[in-house]
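Heads up: the structure comes next, in structure tokens.
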Amino acid sequence: MRELFLIVMVFAPLFILAQDTAYSISSYLSEGRKAPNTHYMGEAWLNAIVHDDADLGYNITKATFKANSTLDWHKHSSPQVLIIVEGRGYYQERGKGPVILKKGDIIKCERGIEHWHSSTKETDVTYLALYGGEQPTTWTEVLTQEYYDSVAIKLKVQ
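Sequential numbering from 4 applies to the sequence shown in our numbering.
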């Protein structure tokens, strides 16, 4: 029994180290990098988890917005799906009323639809954004602090 134990202890590390290192493993748990302060107010971190390529056809980015932070109005050249993984946030499409999104919610924004999304005034929000194509986001209008504050008041009352 002792010999078997010694053999396992000697060879186990070799088997562990012999794993194929060709895998591309990343984690959505990493905070990512602090986003440059353009087209949003407040603090945001981005983690580009999966990049679009010829086979996959879409990107996955984790975004974390600290409380009282928001993106400007924008649109995408492909549909975008937001999966809320932590916290609460606001979401609005042009011509529709704003809504609160919370952990577990999934929302799809169709291609070319102007929208904005953010954390709430009181809580951070973290979401996974799934979107296709290589076209950059088209920024359409600044979301003012006054408008954001009015949304916060409106949704807090509901």
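Idealized CB from N, CA, C, for every residue including glycine.
(message) I'd like the list of long-range same chain contacts for L9, defined as Cβ closer than 6 Å, with 5 residues on each side in sequence excluded.
(response) Because the pLDDT at L9 is just 48, under 50, the model does not fix this residue reliably, and the value given afterwards should be weighed accordingly. Nothing listed; no residue qualifies.
(request) Indicate whether K105 and A155 have their beta-carbon atoms separated by less than 7 Å. (result) no
(request) Could you tell me the distance, in whole angstroms, from the CA atom of N50 to the CA atom of S33? (result) 7 Å
(message) Please report the distance separating the alpha-carbon of T41 from that of Y26.
(response) 34 Å
(request) With DSSP as the reference, label L133 as helix, strand or coil. (result) strand
(message) Taking only three categories from DSSP, how would you classify E117?
(response) coil
(request) Compare the beta carbon distance of I86 and L131 with 7 Å and say whether it is the shorter of the two. (result) yes
(message) Please report the straight-line C-alpha distance between G136 and L158, rounded to a whole angstrom.
(response) 33 Å
(message) I'd like the span of the beta strand (DSSP E) that includes Q83, first residue to last.
(response) 83-96
(request) Give the secondary structure of K106 by DSSP, where H, G and I count as helix, E and B as strand, and everything else as coil. (result) coil
(message) Could you give the first and the last residue of the continuous beta strand (DSSP E) run that contains N40?
(response) From DSSP, N40 is part of no beta strand (DSSP E); its letter is neither H nor E.
(message) Only counting the same chain, and skipping five residues up and downstream in sequence, which positions put a Cβ closer than 7 Å to that of G90?
(response) K106, S122, T126, D127, V128, T129
(request) Look up K78 in the DSSP assignment and say whether it is helix, strand or coil. (result) strand
(message) Going by the DSSP bridge assignment, what does K65 pair with across the sheet?
(response) N50, L131
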